[in-house]
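UniProt numbering runs 1 ahead of the 1-based position in the sequence shown. Right, one structure below, let's go through it.
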Amino acid sequence: FLQGKTALVTGSTSGIGLACARALAREGANVVLNGFGDAEAIEAVRTELEGLSGGKALYSAADLTRPDAIEEMMTQAEAHGGVDILVNNAGVQHVAPADQFPVEKWDLILALNLSAVFHTTRLALPGMKAKGWGRIINTASAHSLVASPNKSAYVAAKHGVAGFTKTVALETAQSGVTVNCISPGYVWTPLVENQIPDTMKARGLTREQVMNDVLLAAQPTKQFVTVDQVAALALFLCREEAASITGANLSMDGGWTAQ
Ligand code: NAD
């Protein structure tokens, strides 16, 4: 149902973004991939997506902490047919108490997890408004609604994404563009796996304890969310049946924020 549409998915070389890129391509969308990683592996994904969609897939290596690189990526996407679907998904985490939080990590997380969402959105909106159709889907987090210790930058950025989403949804409410965020709990991806050692160190725990008592402690289902579950919700938001869902923060967190 997305043939002829172009989807830009930031941070799509891995995890949730990659699952979203695949789900969108399966429905026929042209995809602009973005993120870091091994060049050969990324090229393999790019050709895989073209196989899935029967359309085009393009890769942008833009570092989204840099507004000039974002502008370049958006110009590239414009030449690729324009961005009909924007999935703002790239994000990183760093775990440390606020009084020991490295300043450069704070700046990085705010730039990538929050400001990049503003830049891609401001650059994609004119094209979406001109076409009278668009979908902006931001990967927020349960941490857009509640906090956990040692994640000040991430929690601040994700709360910011939730607020930004609502604001732009109101501004675009009569334009055929919807703006929403998806707020997963713990999803099994490299981002989660990579924060285990830091959390072990910060709290003096074993790997097992971090998995069961820290990560899944807040998730009543005691199951990690899967990347395919998140991608399926993103895909639904692109459907015409989802045209009235805008400004929403959709939780997919195994009951975490119900507590
Ligand atoms: P991941 O580490 O698997 O993927 C992150 C992606 O972002 C990768 O493609 C990476 O190359 C890219 N990236 C990193 N720095 C970048 C930069 N400077 N410029 C461009 N791209 C960059 O992580 P994931 O778990 O799939 O996370 C995706 C999103 O989901 C993030 O916004 C994250 O905060 C959010 N999220 C994740 C979880 C979880 O449990 N994994 C839960 C809630 C929200």
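Virtual Cβ for every residue (Gly too), placed ideally from N, Cα, C.
Taking the Cβ of Val211 as the reference point, every heavy atom of the ligand NAD lies at 7 Å or farther away. One alpha carbon belongs to His144, the other to Ala163, and they sit about 10 Å apart. Check the Cα spacing between Arg240 and each of Ala99, Leu111, Pro98, Gly135: the tightest is with Gly135.
Gln4 and Pro103 have their C-alpha atoms spaced approximately 45 Å apart. Under DSSP, Arg136 shares a beta bridge with Ile86, Thr179. Bridge partners of Ser61 according to DSSP: Asn35.
Here Ala99 is exposed. Its C-beta has fewer than 16 other C-beta atoms within 10 Å.
If you ignore the 5 residues before and after Glu49, its C-beta comes within less than 6 Å of no other C-beta in its own chain. By the Cβ test, the segment 9 to 22 is in contact with the segment 180 to 198, since at least three Cβ pairs between them sit closer than 8 Å. Nearest C-alpha to Ser245 among Thr173, Pro127, Arg208: Thr173. At least one heavy atom of the ligand NAD is found less than 7 Å from the C-beta of Ser15. The beta carbon of Phe119 sits closer than 7 Å to the beta carbons of Phe165 from its chain, once the five residues preceding and following it are set aside; these are given in chain order.
Of the residues Arg67, Val46, Gln260, Ala63, the one whose Cα lies closest to the Cα of Lys57 is Val46. Ala125 and Ala233 have their C-alpha atoms spaced approximately 23 Å apart. For Phe119, the distance from the CB to the nearest heavy atom of the ligand NAD is not below 7 Å. If you compare the alpha carbons of Val228, Glu194, Thr76, Leu236 with that of Leu216, the shortest gap goes to Glu194. A Cβ-Cβ contact shorter than 8 Å links Leu34 with Tyr60.
Here Thr179 is not near Ala112, since their CB atoms are 8 Å or more apart.
DSSP assignment within the segment 94 to 169 yields the following whole beta strand (DSSP E) runs of 3 residues or more, N-terminal first: 135 to 140. Your pair Asn250 and Ser184 checks out as a contact, with CB atoms roughly 6 Å apart and the cut at 8 Å.
Taking a contact as a CB-CB distance under 8 Å, the pair Met253 and Gln230 counts as one, their CB atoms being some 6 Å apart.
Pairing Ala170 with Gly248 gives a Cβ-Cβ distance under 8 Å. Contact annotation, Leu65 with Ala148: C-beta distance approximately 24 Å; criterion of less than 8 Å not satisfied.
At least one heavy atom of the ligand NAD sits closer than 7 Å to the Cβ of Ala91. At least one heavy atom of the ligand NAD sits closer than 7 Å to the Cβ of Thr11.
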